[in-house]
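Residue numbers (this note's numbering), protein chains in the order written: chain A, 0 to 273; chain B, 0 to 273; chain C, 0 to 273.
What follows is a short report on a single structure.
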Amino acid sequence: MTDFAKALGRLRRRAPLVQCITNFVTVNDCANIILAAGGSPSMAHDIREAEEAVSGAQALVCNMGAIEDTGAMILAGKRANSLNIPVVLDPVAVGGTQLRRDCGARLLAGVHFDVIRGNASEIRFLAGQNASGSGVDAGRMDAVTEQNLRSAAALAGALALRTGGVIAVSGQLDLVSDGRQTAVFRNGCATMARITGSGCMLTSLVGAFCGALPEDCFAAACAAVAAMGVCGELAEARRLKNGTGNATFRTDLIDAVFNLTEQQLLEKVKYEVF
Amino acid sequence: MTDFAKALGRLRRRAPLVQCITNFVTVNDCANIILAAGGSPSMAHDIREAEEAVSGAQALVCNMGAIEDTGAMILAGKRANSLNIPVVLDPVAVGGTQLRRDCGARLLAGVHFDVIRGNASEIRFLAGQNASGSGVDAGRMDAVTEQNLRSAAALAGALALRTGGVIAVSGQLDLVSDGRQTAVFRNGCATMARITGSGCMLTSLVGAFCGALPEDCFAAACAAVAAMGVCGELAEARRLKNGTGNATFRTDLIDAVFNLTEQQLLEKVKYEVF
Amino acid sequence: MTDFAKALGRLRRRAPLVQCITNFVTVNDCANIILAAGGSPSMAHDIREAEEAVSGAQALVCNMGAIEDTGAMILAGKRANSLNIPVVLDPVAVGGTQLRRDCGARLLAGVHFDVIRGNASEIRFLAGQNASGSGVDAGRMDAVTEQNLRSAAALAGALALRTGGVIAVSGQLDLVSDGRQTAVFRNGCATMARITGSGCMLTSLVGAFCGALPEDCFAAACAAVAAMGVCGELAEARRLKNGTGNATFRTDLIDAVFNLTEQQLLEKVKYEVF
């Protein structure tokens, strides 16, 4: 696995254009975190220009929060596949309603996703398991814990092999698996669940790293997960020191990505690969 | 009336899922203030999943800023009514254009709203009075003042009786009425009118409190109005101390909700019931 | 040219209602910067109310990031033209895709724009020149520099004469031309390119100033460009002092507009007219 520092440095040198078809709730944060990381975001989502727009990009992010843009995601995704541009999926609340189950199935049938980044309930659903979850949040029953780590890794790995892409599961523990190897990350903080868009922003970061490192989407996803977790900790330290709340935390989180150094990332990341 | 502190404590223990069909201008702030208060926001607005999505929620917020989603609001609202899930309406600029007058009439005809939260011009319009207002702001002529407090309360009370729901009027003075009792709140600050989304965020907070206290939407609306006013003052104190502006004020306002304690709320709220 | 300080003072006294048909990525920032400057934003974009909504406004901003609302922009723009309400265009990524080229042509054919504010690539495209650009950013080849300043001014001036409106080109150097006179501004900072919405916010500010100064859109555009550049420097000084990042910079930028005094603007603006 390419080390994290190298991936971050490469992202900043290459400044990949990351095309995002994403939801209106967190679209601004997603654009700003891509800019913070060193990438260049494009949020064009109109189906009439989806294919043309993605052709000039280095990565495509499809976020199912924008459920009404599923058609644009499929067109852009197919085009990206044909051009070997990495495609990342965020299957927001995929098991939650019939509409989302249908759109999720259409997306997976029509597009090859180089990385799928979801919470534990979304990934369990895609893996064909029973999943709980409420709104856009993972159900407590589905959470990846130290106790069920091995079985969660096996589930993510099996889904990776089935889809031929990398699976990233985020939560208190984060998992990234390509079916052969799985990395577990023990960074982040609870406040990340108290802002909207933690998941969407992480998926956008995965897109940015994949745009910089298209030849190794497993390493790219690991670097994004590591960066997000470390920056969550940096923002939480600031929040505790200043007595601020979730809104400042969101701002500090993006700032932390902006200021993240390769050394910080290497020193603070806590992970193991198995 | 259940006291405010109890309502806040209950919101944090119950963490209600609040379904919002709301506008793209302030949707991110609405989600973050619900999270700050202890709730869980879902911003799904697609008409194809509106009914299914609301079925798992503890409250529904319909914000007419999303005028194009009126159909989804009506479907979701009817479903929420049938399930006894509280429904809150923000009649954004309802008197401003023919489209908004029509959509407002359709919403009121199709859905029972447990709380309607608007500015003075919007509430005057719904009450069948002449209203001024410009863009999304209340007209100066319509403002609730110490001078016209009794007649404004009577107007809100009459609308409450006609709709069978609670009416909350926000401005320099805030009123909450269910037609039998009216509470007036004297918190807040002028900077709240210098950010976009003060009204939308308050409506979202009303939804969060109603989700936690569905048996008493009058108390829930009062708690939300009190919390917003108190947090506006806390954020304003910070702004004056730090010399910041409206953008930091918005962040500090949400932070204040995040950190609000029951004791702060009780100590700082200024209100009377008549 | 009316001096900048007077324009700012007038904006704050008149508090113009600025109707914006703009994109979902930066709409919240656009509304908040208009409020910061002293204006009143309305972000209604539904084609069914576009004409009625603009009739009560003092300025209209059309932002092609909302490519799906091109029809609403044309209706509202024609109405604004007939009422002598200034109309401002932000031709976001106009040369980037066939859809955008077509929509740009439809907008220019259907509406008279009092000001067009774009980056160097967008303005070059509208002027019929070859343009690069990637996503929403200007191409490095197209940038206005001290070396090509005169030819860039000539190009902007020619476009101004052709369209009969003012042309504002933003980048490291900013140009404003009405075809007879051109002002060049040397304010701002590189971090403005590391947040999403710098351009959209500037265009919104142009709308706010035009709403306050409809009789002189050249002066209004100059005042907006000056204010944005000066506030960018103020926010950058804060960022360097506090070690923050792009997200805090965005907040500080809007705050700086909120707190900007006429004296600050006059003291810090660096420009010449030729």
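Just so you know, even glycine gets a beta-carbon here, dropped at the ideal spot from N, CA and C.
All values derive from a computational prediction rather than experimental measurement.
DSSP beta-bridge partners of residue i
{"i": "A/PHE184", "result": "A/ASP173 and A/TYR270"}
{"i": "A/LEU88", "result": "A/CYS61 and A/ILE115"}
{"i": "A/GLN18", "result": "A/SER41 and A/LEU59"}
{"i": "A/ILE166", "result": "A/ILE115 and A/SER176"}
Listed by chain order, chain C residues near residue i by CB distance under 9 Å
{"i": "B/GLU232", "result": "Going along chain C, no residue has its Cβ under 9 Å from B/GLU232, so there is no contact; the nearest lies around 18 Å."}
{"i": "A/PRO40", "result": "VAL24, GLY134, VAL135 and THR195"}
{"i": "B/THR311", "result": "As shown, chain B starts at 0 and ends at 273. That puts residue 311 of chain B outside it, with no answer to give."}
Contact belief for residue i with residue j at Cβ below 8 Å, rounded distance in angstroms
{"i": "A/GLU48", "j": "C/LEU174", "result": "So it is not a contact: roughly 28 Å between Cβ atoms."}
{"i": "A/ASP177", "j": "A/ALA159", "result": "5 Å"}
{"i": "A/ILE20", "j": "A/ALA71", "result": "6 Å"}
{"i": "B/ALA58", "j": "B/VAL17", "result": "5 Å"}
{"i": "A/VAL165", "j": "A/PHE217", "result": "5 Å"}
{"i": "C/LEU265", "j": "C/PHE23", "result": "The pair is not a contact, with the Cβ atoms about 36 Å apart (cut-off 8 Å)."}
{"i": "C/THR195", "j": "A/LEU34", "result": "6 Å"}
{"i": "C/ALA226", "j": "C/LEU204", "result": "6 Å"}
{"i": "B/ALA130", "j": "B/GLY94", "result": "5 Å"}
{"i": "C/PHE112", "j": "C/LEU88", "result": "4 Å"}
{"i": "C/ALA211", "j": "C/ARG78", "result": "Not confirmed; about 20 Å, so no contact."}
{"i": "B/ALA182", "j": "B/CYS209", "result": "Actually they are not in contact, since the Cβ atoms of B/ALA182 and B/CYS209 sit about 16 Å apart, beyond 8 Å."}
Cross-chain neighbours of residue i in chain A, by beta carbon under 7 Å
{"i": "B/LEU264", "result": "Within chain A, no residue comes near B/LEU264; the closest Cβ sits about 15 Å away, beyond 7 Å."}
{"i": "B/ASP45", "result": "ILE66, GLU67 and LEU98"}
{"i": "B/GLU276", "result": "As shown, chain B starts at 0 and ends at 273. That puts residue 276 of chain B outside it, with no answer to give."}
Contacts of residue i in chain A (Cβ-Cβ under 9 Å)
{"i": "B/ASN258", "result": "GLY242, THR243 and GLY244"}
{"i": "B/LEU34", "result": "ALA192, ARG193, ILE194, THR195 and ASN245"}
{"i": "B/LEU16", "result": "SER133, GLY134 and ASP136"}
Beta-carbon neighbours of residue i, restricted to chain A and to distances below 8 Å
{"i": "C/ASN27", "result": "ASN27"}
Contact set between residue i and chain B, taken where Cβ atoms lie within less than 9 Å
{"i": "C/GLU48", "result": "ILE66, GLY95, THR96, GLN97, LEU98 and ARG99"}
Interface partners of residue i on chain B, CB under 7 Å
{"i": "A/THR247", "result": "THR250 and ASP254"}
{"i": "C/GLU51", "result": "THR96 and GLN97"}
Contacts of residue i in chain C (Cβ-Cβ under 7 Å)
{"i": "A/GLY55", "result": "SER133"}
Amino acids of chain C, ordered along the chain, whose beta-carbon sits closer than 8 Å to that of residue i
{"i": "A/ASN31", "result": "ILE194, THR195, ASN245, ALA246 and ARG249"}
Heavy atom of the ligand GTP within 7 Å of residue i beta-carbon
{"i": "A/GLY138", "result": "Absent from the structure shown: the ligand GTP. Ligands present: none."}
Subject >> beta strand (DSSP E) segments (min. 3 residues) lying fully within the stretch 113-144 of chain C >> reply: Counting only runs of at least 3 residues, the stretch 113-144 of chain C fully encloses the following beta strand (DSSP E) elements, listed from N- to C-terminal order: 114-118.
Original post:
Quick one: any contact between the stretch 244-258 of chain B and the stretch 175-187 of chain C, if contact means 3 or more CB pairs under 8 Å?
Top reply: no
Original post:
Counting Cβ pairs, one atom from each stretch, are 3 or more of them under 8 Å apart for the stretch 71-84 of chain A and the stretch 36-43 of chain B?
Top reply: no
Original post:
Between the stretch 250-263 of chain A and the stretch 153-173 of chain B, are three or more C-beta pairs nearer than 8 Å?
Top reply: no
Original post:
What runs of the alpha helix (DSSP H), each 4 residues or longer, lie entirely inside the stretch 182-239 of chain B?
Top reply: 197-211
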